[in-house]
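All remarks here apply to the structure that follows.
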Amino acid sequence: MVPNEILRAARVALGINQSMLAELSGVGKRTILRIERNERVAVRTLQRVQAALEARGVEFIPSGDGKGPGLRIPLSLLSRDDLRF
1347 MVPNEILRAA
1357 RVALGINQSM
1367 LAELSGVGKR
1377 TILRIERNER
1387 VAVRTLQRVQ
1397 AALEARGVEF
1407 IPSGDGKGPG
1417 LRIPLSLLSR
1427 DDLRF
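Quick note on numbering: the sequence shown equals residues 1347 to 1431 in my numbering.
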């Protein structure tokens, strides 16, 4: 299961707001708020949100080899401004 903070990071990286993620995943906006506040929600709900983000191109990376979990976003979904350092 992907940690709540990684789900939030994926939403932000995609540039979508909480209302849009709620609509895409079929859950209420309050549920997205609860997830992002790291409050308890049903595993099935987290799976629905994760699936909605994956459908938008997010790849979630599990933890391992002493490293924490993360995510990847296809370059095609990022703007030029996102690529500046």
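Yeah, the Cβ is synthetic: ideal placement off N, Cα and C, and Gly gets one too.
Three-state secondary structure assigned by DSSP to residue i
| i | result |
| --- | --- |
| E1385 | coil |
| R1297 | Here the chain comprises residues numbered 1347 to 1431, so residue 1297 is not present and cannot be evaluated. |
| V1358 | helix |
| L1424 | coil |
| M1506 | There is simply no residue 1506 to check, as the chain begins at 1347 and stops at 1431 in what is shown. |
| V1395 | helix |
Which residues DSSP lists as bridging residue i, in chain order
| i | result |
| --- | --- |
| G1410 | K1413 |
| R1418 | E1405 |
Residue burial classification, residue i (beta-carbon count within 10 angstroms, cutoff 16)
| i | result |
| --- | --- |
| A1398 | buried |
| S1409 | exposed |
| L1392 | buried |
Cβ-Cβ separation, residue j to residue i (assumed contact under 8 Å), whole Å
| i | j | result |
| --- | --- | --- |
| F1406 | V1348 | 5 Å |
| E1382 | R1354 | 5 Å |
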